[in-house]
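At position 44 of the sequence shown (counting the first as 1) the number is 48 in the working numbering, and the numbers step up by one without a gap.
Virtual Cβ for every residue (Gly too), placed ideally from N, Cα, C.
So the structure is just underneath, and the comments pick up after that.
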Amino acid sequence: MSATATWHERRLTGSIGLELRDLDLRGLDDAGIAAFRQSLVENHVLVVRGQTLSHDDQIAFGRRFGELDTHPFVDGSTVYPEVIEIVTEPDDRANFGGGWHTDVTFLEKPDLGSILYAVELPAFGGDTLFANQHAAYDALSDIMKGMLEGLTATHSAGRQYGAGGQSTKSKTMSTKNVELASRVVEHPVVRTHPESGRKGLYVNPAFTVKIKGMRPDESDALLGFLYRHAVHEAFTCRVQWQPGTLVMWDNRSVQHYALHDYAGQRRHVRRITVQGDVPV
């Protein structure tokens, strides 16, 4: 760890998550970014407190990990197209990110990771849950692991971003390209992490459609089991936001769930994502 990467750490749970304190993300040199990235791969979710980041600061930090992505179905900021301003107003009952999911698995190259920064928070609520998909895979029986090996699933944005989709109902953001949401891509049911080499489950209820080659009832039964198993309490952590908190998660190894338990209050967070690669 470099001199600019000396921070204090606190584990969130035994399975996932690390909180970092006494760290200014704007001051990390290349060695510090390398240490941060290694910690992300090992802990899957990093929570950094006490930041004061402008849009440019957040974008510059994200670009240390790769090219930034723009969402195909959600409008970014007019000034910063890579940034999605997730603003939940007091009367908005829908929820961007509600329900367990892995970001944009409907893309051929889903994002490497997401970086969320808290701008304005409700007095209570609005926590985010995360689930370690390596731990979920490791906990399966050898027989189940053998059955999943080599299986492929199809993914689509249709249920969320197609006409009448769940995510189109929220006033949190402006959606677009609904006619393209029904397109499908294929990914392995078990993904190998490109940096750690660990295997993890790679299906999620928001975007996975079916397991290729199975009858619908067979696919539904197996996916239903995997969805429940993947988010078992033993594999999860819960992040409570504070003003100036930045959270980065490894989209290749986690699912997450944004809770909306703060009705009547306003919440504003800024989201950027780093481009990823083809899952194998």
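Contact check, A122 vs Q246 under 8 Å by CB: the rounded distance?
Here residue 122 is taken as the residue at index 118 of the sequence shown, counted from 1. Here residue 246 is taken as the residue at index 242 of the sequence shown, counted from 1. Right, their Cβ atoms sit about 7 Å apart.
Quick check: what's the CA-CA separation for V194 versus E237?
Position 190 of the sequence shown, counted from the first residue, corresponds to residue 194. Position 233 of the sequence shown, counted from the first residue, corresponds to residue 237. Approximately 20 Å between the Cα atoms of the pair.
Report the three-state DSSP secondary structure of I37 (helix, strand or coil).
As a first step, residue 37 is located in the sequence shown; it is residue number 33 there, counting from the start. In the structure shown, I37 sits in a helix (DSSP, three-state: H, G or I).
Measure the C-alpha to C-alpha separation of D115 and R30 and round it to an integer number of angstroms.
In the sequence shown, the residue the question calls residue 115 occupies position 111. In the sequence shown, the residue the question calls residue 30 occupies position 26. Their Cα atoms are separated by approximately 22 Å.
Would you mind listing the alpha helix (DSSP H) stretches within the region 70-97 that are 4+ residues and don't spill past its ends, in chain order?
Counting only runs of 4 or more, we get nothing.
Once the 5 residues before and after V258 are set aside, which same chain residues still bring their CB inside 8 Å of it?
Numbered from its first residue, the sequence shown carries residue 258 at position 254. Around V258: I20, H48, V49, T106, F134, A135, N136, Q137.
Which value, in whole angstroms, describes the spacing of the CA atoms of S186 and A161?
Within the sequence shown, residue 186 is the residue found at index 182, counting from 1. Within the sequence shown, residue 161 is the residue found at index 157, counting from 1. Going by the C-alpha atoms only, they are around 6 Å apart.
In angstroms with no decimal places, state the Cα-to-Cα distance between P220 and V282.
Sequence index remark: in the sequence shown, residue 220 carries index 216 (1-based). Sequence index remark: in the sequence shown, residue 282 carries index 278 (1-based). Spanning the two alpha carbons is a distance of roughly 26 Å.
CA-CA distance, R68 and G54?
Residue mapping note: residue 68 aligns to position 64 of the sequence shown, counting from 1. Residue mapping note: residue 54 aligns to position 50 of the sequence shown, counting from 1. Rounded to whole angstroms, R68 to G54 spans 20 Å at the Cα level.
With a 10 Å radius around its C-beta and 16 neighbouring C-beta atoms as the bar for buried, classify R274 as buried or exposed.
On the sequence shown, position 270 is the one that residue 274 refers to. Burial call: buried.
With which residues is R271 paired in a DSSP beta bridge?
Position 267 of the sequence shown, counted from the first residue, corresponds to residue 271. BP columns for R271 point to T92.
Could you spell out where the beta strand (DSSP E) holding Q259 opens and where it closes?
Working through the sequence shown from its first residue, we reach residue 259 at position 255. First-last of the beta strand (DSSP E) with Q259: 258-262.
From the DSSP output, read off the bridge partner residues of A122.
Translated into positions along the sequence shown, residue 122 becomes position 118. Paired residues: V273.
Out of H12, D34, E71, F40, which one is the CA nearest neighbour of T277?
Locating residue 277 in the sequence shown gives position 273, counting from the first residue. Answer by Cα proximity: E71.
Rounded to whole angstroms, what is the Cα-Cα separation between E112 and D61?
As a position in the sequence shown, residue 112 is number 108, starting the count at 1. As a position in the sequence shown, residue 61 is number 57, starting the count at 1. Their Cα atoms are separated by approximately 29 Å.
Between the alpha carbons of W253 and E222, how many angstroms are there, rounded?
Looking up residue 253 in the sequence shown gives position 249. Looking up residue 222 in the sequence shown gives position 218. Cα-Cα distance, rounded: 32 Å.
Please check the pair K214 and A157, which I expect to be a contact at CB under 8 Å, by giving their CB distance rounded to whole angstroms.
Translated into the one-based positions of the sequence shown, residue 214 becomes position 210. Translated into the one-based positions of the sequence shown, residue 157 becomes position 153. With a Cβ gap of about 7 Å, K214 and A157 count as contacting.
Give me, in chain order, the residues of the same chain whose beta-carbon lies closer than 6 Å to that of D26; leave out the 5 immediate sequence neighbours on both sides.
Along the sequence shown, read from residue 1 onward, the residue named residue 26 stands at position 22. Only W11, H12 meet the Cβ criterion.
Helix, strand or coil: which one does DSSP assign to L16?
Numbered from 1 along the sequence shown, position 12 holds the residue referred to as residue 16. It is coil, neither helix nor strand.
So what's R53 in DSSP terms, helix, strand or just coil?
Stepping through the sequence shown from its first residue, residue 53 is reached at position 49. Correct three-state label for R53: coil.
Going straight from the alpha carbon of L32 to that of G66, what length do you get?
Indexing the sequence shown from 1 puts residue 32 at position 28. Indexing the sequence shown from 1 puts residue 66 at position 62. Cα to Cα, the separation comes out at about 12 Å.
Reducing DSSP to helix, strand and coil, say where N47 ends up.
On the sequence shown, position 43 is the one that residue 47 refers to. DSSP places N47 in helix when its eight states are reduced to three.
Got a sec? Which residues, its chain only, sit under 7 Å from L230 by beta carbon, not counting five neighbours each side?
Counting from one through the sequence shown, the residue named residue 230 turns up at place 226. If we look at L230 and ignore the five residues flanking it on each side, its Cβ neighbours are L205, V207.
For a test of the three-state rule: what should DSSP assign to T172, helix, strand or coil?
To locate residue 172, count along the sequence shown from 1; it is residue 168. Unreliable placement is indicated for T172, whose pLDDT of 47 sits below 50; no coordinate value is reported for it.
For the ligand PLP, I want to know if V78 counts as a neighbour, meaning its beta carbon is within less than 7 Å of at least one of the ligand's heavy atoms.
The model depicted lacks the ligand PLP and carries no ligand whatsoever.
Along the beta strand (DSSP E) that carries F134, what are the first and last residues, could you check?
If you number the sequence shown from 1, residue 134 lands on position 130. Taken as a continuous stretch (DSSP letters only), the beta strand (DSSP E) holding F134 covers 132-136.
Rounded to a whole number of angstroms, what is the C-alpha to C-alpha distance between A38 and L144?
Here residue 38 corresponds to residue number 34 of the sequence shown, with the count starting at 1. Here residue 144 corresponds to residue number 140 of the sequence shown, with the count starting at 1. In a straight line, the C-alpha of A38 is about 32 Å away from that of L144.
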